[in-house]
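Colleague: Could you have a look at this structure, given as structure tokens, before my questions?
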């Protein structure tokens, strides 16, 4: 990790005062101190460059090292639906005859390691950029592709399902100086922003949901009466306690969510 300029300069000053036989000026604006600052700044920049280089090398290494989670993720993104994998005898590698970005349908991937097993959540995007699951044919082709490229002895589970549903019952107390229609709009935008801020395969945290509502302009406080989640394999909605794992990796709000606006004066009565 790159040292600060002052840290480098102080080290140079200490070494100079200890090892040089000549008497050095103690003035903070002495010429020799200025030179130590110049060299310290140059060394600082060089160390930053080295740190950046190391990060880039580590990223590339993790991505190309076969068997790592990042490698599997990279291989998922390289999948080309409708194309046949070929085998290169000379290099013992699988490859596509042609690289077709339009056929690389996997746009979001999350991989979780278990005992000798990998759970791969993957999805594509529609024309508007919305995350959508793979079709049955696409999922079949993708699973076959993963079976071909994975390491022997590693079991894989492919998950690509419709979005989870989040249902809330929320009471919001707002400033009377702001129209309730505007507050409702602000809360809706805050909830949409909360949804967009979550990465693929994130978890829903109840407190962060509340914090998102509290950040909406005009909101004084709120009462989250209930927060529930329903995945594809769930028969009904289940209450979110502290957090809940998204089965599909992403979610949409249910149509029957309840948002009740109340004047802050109701708290005072």
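Residue numbers (our numbering): 1 to 269.
We treat Cβ as the ideally placed atom computed from N, Cα and C, and that holds for glycine.
Tell me which residues share the same chain as residue 117 and place their Cβ nearer than 8 Å to its Cβ, disregarding the 5 neighbours each side in the sequence.
Modeller: 154, 155, 156 and 157
Colleague: Let's test the definition: count the other Cβ atoms within 10 Å of the Cβ of residue 46 and tell me whether it reaches 16, buried, or not, exposed.
Modeller: exposed
Colleague: Considering residue 123, what are the terminal residues of the beta strand (DSSP E) in which it resides?
Modeller: 117 to 125
Colleague: Given that a residue counts as buried once 16 or more other Cβ atoms are within 10 Å of its Cβ, and exposed if not, what is residue 90?
Modeller: So residue 90 ends up on the exposed side.
Colleague: Do residue 111 and residue 105 come within 8 Å of each other at the CB atom, strictly closer than that value?
Modeller: Not closer than 8 Å, so no.
Colleague: From residue 132 to residue 101, what does the alpha carbon distance come to, in whole angstroms?
Modeller: The alpha-carbon atoms of residue 132 and residue 101 are separated by roughly 18 Å.
Colleague: Which of the three DSSP states is assigned to residue 154 in this structure?
Modeller: DSSP places residue 154 in coil when its eight states are reduced to three.
Colleague: So, at 8 Å on beta carbons, what are the nonlocal neighbours of residue 4 in its own chain, with the 5 sequence-adjacent residues on each side left out?
Modeller: 44
Colleague: What is the residue span of the beta strand (DSSP E) that residue 93 lies within?
Modeller: 93 to 95
Colleague: Assuming residue 230 is part of the alpha helix (DSSP H), what are its boundary residues?
Modeller: In the DSSP assignment, residue 230 falls outside any alpha helix (DSSP H) and within the unbroken beta strand (DSSP E) covering 219 to 230.
Colleague: Please state the DSSP three-state secondary structure of residue 98.
Modeller: Note: residue 98 maps to coil in three-state DSSP.
Colleague: So which of 220, 73, 159 and 169 has the shortest CA-CA distance to residue 255?
Modeller: The option with the nearest alpha carbon to residue 255 is 169.
Colleague: Unbroken beta strand (DSSP E) runs of length 3 or more, entirely within the region 132 to 194: which are they?
Modeller: 155 to 159 and 164 to 174
Colleague: Quick one: measure Cβ to Cβ for residue 209 and residue 145, integer angstroms, because I've assumed they're closer than 8 Å.
Modeller: Not confirmed; about 36 Å, so no contact.
Colleague: Within 10 angstroms of the Cβ of residue 244, are there 16 or more other Cβ atoms? Answer buried if so, exposed if not.
Modeller: Buried: at least 16 other Cβ atoms inside 10 Å.
Colleague: Where does the unbroken beta strand (DSSP E) through residue 278 begin, and where does it stop?
Modeller: A question about residue 278 goes unanswered here, because the residues of the chain that appear run from 1 up to 269.
Colleague: Given a threshold of 16 other Cβ atoms within 10 Å of its Cβ, counted over all protein chains shown, does residue 181 qualify as buried or as exposed?
Modeller: exposed
Colleague: Rank 152, 216 and 138 by C-alpha distance to the C-alpha of residue 159 and give the top, closest one.
Modeller: 138
Colleague: Tell me whether the beta-carbon of residue 176 lies closer than 8 Å to the beta-carbon of residue 240.
Modeller: No, Cβ-Cβ distance for residue 176 and residue 240 is not below 8 Å.
Colleague: Looking only at C-alpha atoms, which of 68, 135, 83 and 130 sits nearest to residue 113?
Modeller: 68
Colleague: Secondary structure at residue 250, three-state DSSP: helix, strand or coil?
Modeller: coil
Colleague: Secondary structure at residue 47, three-state DSSP: helix, strand or coil?
Modeller: helix
Colleague: Can you give the beta carbon distance from residue 200 to residue 250, rounded, assuming they're within the 8 Å contact cut?
Modeller: Contact holds; Cβ gap of about 6 Å.
Colleague: Cα-Cα, which of 93, 124, 128 and 95 is closest to residue 107?
Modeller: 124
Colleague: Considering Cα atoms alone, identify which of 40, 109 and 267 is closest to residue 72.
Modeller: The option with the nearest alpha carbon to residue 72 is 109.
Colleague: For residue 167 versus residue 252, is the C-beta distance shorter than 8 Å?
Modeller: At a Cβ-Cβ threshold of 8 Å, residue 167 and residue 252 do not count as neighbours.
Colleague: Residues in the same chain with beta-carbon distance under 7 Å from residue 233, minus the five sequence neighbours each way, listed in chain order, please.
Modeller: 247
Colleague: For residue 141, collect the residues of the same chain with a Cβ closer than 7 Å to its Cβ; drop the 5 residues on either side in sequence, then sort them by chain order.
Modeller: If we look at residue 141 and ignore the five residues flanking it on each side, its Cβ neighbours are 81.
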